[in-house]
Amino acid sequence: MTGLDHHIDSTTKFLDNIFSSLVEVDIDVSPFFLDHICYRVETAEEYERYKNILADYGTVLSETMVSGRLISTYKLHEPITYKERHIPLLELPSPKPGKHYASGLEHAEFVIDTSFEAFMKKYPHVSFETKDLEKKINPDIRISFDGCSVKFHQQSLEDVIKFEQSL
Numbered sequence: 294m295t296g297l298d299h300h301i302d303s304t305t306k307f308l309d310n311i312f313s314s315l316v317e318v319d320i321d322v323s324p325f326f327l328d329h330i331c332y333r334v335e336t337a338e339e340y341e342r343y344k345n346i347l348a349d350y351g352t353v354l355s356e357t358m359v360s361g362r363l364i365s366t367y368k369l370h371e372p373i374t375y376k377e378r379h380i381p382l383l384e385l386p387s388p389k390p391g392k393h394y395a396s397g398l399e400h401a402e403f404v405i406d407t408s409f410e411a412f413m414k415k416y417p418h419v420s421f422e423t424k425d426l427e428k429k430i431n432p433d434i435r436i437s438f439d440g441c442s443v444k445f446h447q448q449s450l451e452d453v454i455k456f457e458q459s460l
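First residue of the sequence shown? That's 294 in our numbering, and the numbers climb one at a time after it.
Rendered as structure tokens:
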């Protein structure tokens, strides 16, 4: 996806980092669907600019207020291709009030087919961040690495959005 890579960081370099970090901690994600990656922005102005850019590459599935800031999710016209994977969604959160984020690709999310407890038990050597297990909709667990993080959830973001829109 050369055109999109022109506007955001190299998705290949980012995903190389994600997958090599997972290999280092011996987590096998081969059976899991990588449903989206997240691109953070530093300012509200940058958020608006990237919304306009991403509109050329995908359809807005939702723009929702979450934790005091807007998050837009795009279904890409052409999924991001990385090796044998096809990633259909890109998430674009506006900055949280009072927080500073550098612009760039931040995390990737995999849909797991097991309970969070069973998944974490399979990898007892990994320190999972579990604060988002409290979320009523789309809970997740996270592992932070240098320059990126990986989240695991139990439903695709597209399914979560459809559910939220049906409420």
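We treat Cβ as the ideally placed atom computed from N, Cα and C, and that holds for glycine.
query: Where residue 375 sits in the DSSP three-state scheme; result: strand
query: Per-residue DSSP class, three states only, for residue 383; result: strand
query: Cβ distance (whole Å) where residue 326 is taken to contact residue 404 below 8 Å; result: 5 Å
query: Cβ-Cβ distance between residue 433 and residue 446 below 7 Å; result: yes
query: Cα-Cα separation, residue 294 to residue 380; result: With a pLDDT of 44 at residue 294, under the threshold of 50, the modelled position of this residue cannot be trusted; read the value that follows with caution. Cα to Cα, the separation comes out at about 11 Å.
query: Integer-rounded CB distance, given that residue 388 should sit under 8 Å from residue 336; result: 6 Å
query: Exposed unless 16 or more other CB atoms sit within 10 angstroms - verdict on residue 274; result: With the chain covering only 294 through 460, there is no way to say anything about residue 274.
query: Contact set for residue 384: own chain, Cβ-Cβ below 6 Å, skip 5 residues either direction; result: 329, 331, 366
query: Chain D within 7 Å of residue 451, Cβ atoms only; result: In the structure shown, chain D does not exist; there is a single protein chain.
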